[in-house]
Amino acid sequence: MAAALGAGSGSAGAPGLPNSVPGHVALPAVAVWEWQDEFGRWRPYRGSVCSFIEQALQAPAQKGRRSGTGLASSSIPLGQADAMLAPYVIDIPSLMQFRQDTGTMRSVRRHLFAQDSAAGQGIVWEWQNDEGGWSPYEMKVCVFLEQAFTHGLQHVDLSSLGYNYNIDFISLVQTNKTSRFRRGIQRRMDTPYPVTTALGPLHVAVACSCQQCLLNSGTGPITMRYRHSMINLPSSSAMPQVSSRTAALSSSGLGFVPYNKPTLSGARSTPRLNTQSAWALPQSVGAGGPSPGLSASNGVSVQNLPVEMPKPSKVNQALAGMTAMLMSATGLPVRLTCAPQPASTRRATKKHSSVKEGRKVSKKVTPSEPERVVRKYLEELRGAPADEDCMICMEKLALPSGYSDACEGKTIKPEAVGQLTKCQHTFHLLCVLAMYANGNQDGSLQCPSCKTIYGEKTGTQPKGKMEISTFTQSLPGHQDCGTIQIVYSIIRGIQGPEHPNPGMPYTARGFPRYCYLPDNEKGRKVLDLLRVAWKRRLIFTVGTSSTTGESNTVVWNEIHHKTEMDTNLSGHGYPDPNYLDNVLAELAAQGVTEACLRQ
């Protein structure tokens, strides 16, 4: 049923491009710009912001045709379109969103959709996040949902778009197919997205052979909660044969993202930023990555001026970005680049390990013993399975680890293969070592395939206080008992080495936070397990707010809490007959079970 509906996306042609696509004519379309969050989800800018970006791209070219120059904008300050976006600038040659005050950079992309689609009508579908606000689906999902809604369907499955969810249009609820966790959804009218022109065929199915689909094929974003789930993707019969392992995975009809930590730098198999090709942007903008220069309409080529950004320093990134914007303001085309690292620094160094020494780790292990941890939980195999892939680096197990150029082991060779002792899943030992070194180094491992936890998992929750009290008032749906109240208090501070940006401040919005449980046997069991999760620093983390987009702030960490007592319209209150079972499952996924209470 889901695959029968098209996603409504068109070939991302652009105004000003010659009509050179054989057999196709220019078609009206709308342009949608999206940015990628830290979980791999694409989030659309509002229609008014996209209109500003399109105008900023086209205005210099139009002015250039009149004056004899054709230089396009290299950077676009979003604060001129929306005051809430004042810190952000889009660097066009690299297709990156740059935050001036922190140096944070995120990928951006431009997609085209039919003029009569949800994007063209200004219709946005949103899901309710953990903080009670509303977050938009990526635009191809909005278009798909709107088509299903207008066709009168009552339920749709989003697995064909890379999401493990079912949507119920009657109750306006999104349900995770694995955990059965439910969230509210809503349909909202907003400013229509800007009109442009598309060359080539319009999108006719969830995964068709149009150019836009081919350049963005793959698994699509899988949300953080169950991104390890195997999900069926549409048939790949319409997709061309491409000589890459990623394409081979896509053609198998399975989408899989093996590991929920940030991408390990330096891996050969690490997915690179898809900068798309020149047809994805207006003609005056070179979108194929950092281009050597921009050509004026009179045929004179103006060389881009690279501004290098040393990778380790956020301050240097911010300075480089501001320098680039100042240079761009004077009319010089600028592109942001990363300073090349010397070959000797690409492997793990003692300096990298020393960053971890200040964190709190298990008394059973120190950060200097990662190889001992790997060998504790994996048994090295003498012969590697010939046709099996390592789910971390996506290389064949018979070949060396894909992280051999980013991680070096003293006793672990790149070709060594090991099997986890409980779940029996098999990986390159060096890949598991790189995965462990990229985490908390607390002496625990989590299987990237089935999420089985080995050892005691800890998190990155900042220091704070958890207070518990009870009162006699009952919660809706639990009239036979009183109520447990939990109060979490965390104040702002400085990020430690286990956080995304060590040494930088983090904020703590909305504290103290009040949460509620029924004071019955199962509620008290959940409470006891939440105490364990708190001690293990698993309830909160430092990241980016899905409500406000603010980075470097304290956010919930995958264990849901009820923050309201007497209403469940928002999904954060009672009655909810499935909540206690859901939260027990979420705690178990973090390694917090009844066995912890007996220790």
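Here the numbering used here is used: the first residue of the sequence shown is -13, the next is one more, and so on. We treat Cβ as the ideally placed atom computed from N, Cα and C, and that holds for glycine. On a predicted model such as this, the values are computed, not experimentally measured, just so you know.
Whole-angstrom distance between residue j and residue i, CA atom to CA atom
i      : j      : result
Ile62  : Leu367 : 53 angstroms
Asp68  : Ile439 : 44 angstroms
His137 : Phe155 : 11 angstroms
Asn152 : Leu71  : 32 angstroms
Ala420 : Leu81  : 29 angstroms
Leu503 : Trp520 : 16 angstroms
Lys508 : Ile470 : 12 angstroms
Leu566 : His546 : 10 angstroms
Pro486 : His558 : 28 angstroms
Gln114 : Tyr560 : 16 angstroms
Cys436 : Thr183 : 45 angstroms
Pro488 : Val578 : 27 angstroms
Ala611 : Met551 : Examination of residue 611 is not possible in this model, given that the chain is present from -13 through 585 alone.
Ile60  : Glu40  : The sequence shown places Ser at residue 60, not Ile. Each residue's Cα considered, the two are about 13 angstroms apart.
Met490 : Thr90  : 12 angstroms
Ser229 : Phe167 : For Ser229, the predicted model reports a pLDDT of 34, less than 50, meaning its position is unreliable and no value from the coordinates is stated.
Glu20  : Leu461 : 41 angstroms
Ser354 : Cys409 : Its pLDDT being 45, under 50, Ser354 is placed unreliably in this model, and the coordinates cannot settle the point.
Gln22  : Ala134 : 25 angstroms
His97  : Val181 : 12 angstroms
Gly468 : Arg510 : 11 angstroms
Leu139 : Glu365 : 51 angstroms
Pro122 : Lys399 : 45 angstroms
Arg174 : Arg517 : 39 angstroms
Val569 : Leu415 : 33 angstroms
Pro73  : Thr534 : 13 angstroms
Ala105 : Lys451 : 45 angstroms
Ala571 : Pro563 : 14 angstroms
Pro33  : Tyr149 : For the sequence presented, residue 33 should be read as Gly rather than Pro. Looking at the two C-alpha atoms, the distance is approximately 24 angstroms.
Met210 : Val142 : Here Met210 scores only 36 on pLDDT, less than 50, and its place in the model is too uncertain to base an answer on.
Ile76  : Ser165 : 37 angstroms
Cys582 : Asp514 : 10 angstroms
Beta-carbon proximity check, residue i vs residue j, cutoff 9 angstroms
i      : j      : result
Thr549 : Val541 : no
Val359 : Gln427 : yes
Lys449 : Ile476 : yes
Phe99  : Ala15  : yes
Gln107 : Glu132 : yes
Leu147 : Lys163 : no
Arg495 : Glu536 : yes
Gly395 : Glu357 : yes
Tyr492 : Asn538 : yes
Minimum Cβ-Cβ distance from residue i to chain B less than 9 angstroms
i      : result
Glu132 : The structure shown contains no chain B, having only a single protein chain.
Given residue i as reference, the closest of the options once Cα atoms are compared
i      : options                        : result
Glu374 : His411, Glu357, Thr407         : His411
Ala430 : Asp116, Ser157, Leu406, Met452 : Sequence check: residue 430 is Ser here, not Ala. For the residues Asp116, Ser157, Leu406, Met452, the minimum Cα distance to Ser430 belongs to Leu406.
Val35  : Ser532, Tyr179, Val528         : Tyr179
Leu573 : Phe526, Thr534, Thr539         : Phe526
Cys417 : Cys436, Leu383, Ile378, Val518 : Ile378
Trp111 : His97, Tyr74, Arg169, Ala372   : Arg169
Val403 : Leu158, Arg361, Phe457, Gln432 : Arg361
Ser93  : Pro30, Ser390, Pro563          : Pro30
Leu120 : Gln172, Trp28, Gly388          : Per the sequence presented here, residue 120 reads as Trp, with Leu not at that position. Per the Cα distances, Gln172.
Gln432 : Tyr123, Thr539, Ser165, Tyr363 : Tyr363
Lys443 : Cys128, Ala581, Gln576, Leu139 : Gln576
Phe457 : Asn506, Tyr474, Pro371         : Asn506
Ala384 : Asp391, Cys393, Phe413, Gln465 : Phe413
Cys128 : Val142, Glu117, Ile109, Asp116 : Ile109
Glu124 : Trp28, Leu64, Gly463, Ser157   : Trp28
Exposed unless 16 or more other CB atoms sit within 10 angstroms - verdict on residue i
i      : result
Arg95  : buried
Leu144 : buried
Thr397 : exposed
Phe603 : Any question about residue 603 goes unanswered here, given that the chain covers just -13 to 585.
Gln459 : exposed
Phe38  : buried
Asp102 : exposed
Ser455 : exposed
Leu524 : buried
Ile480 : exposed
Pro371 : exposed
DSSP bridge partner residues for residue i (one or two, in chain order)
i      : result
Trp28  : Gln22
Gly590 : Residue 590 falls outside the range modelled here, since the chain spans only -13 to 585, and no answer is possible.
Gln405 : Glu365, Thr412
Gln471 : Ser455, Tyr502
Pro491 : Ile480
Tyr422 : None; Tyr422 has no bridge partner.
Phe84  : Val75, Met91
Lys382 : Asp375
Glu154 : The residue asked about is misnamed: residue 154 is Asp in this sequence, not Glu. His141, Val159, per the DSSP bridge assignment.
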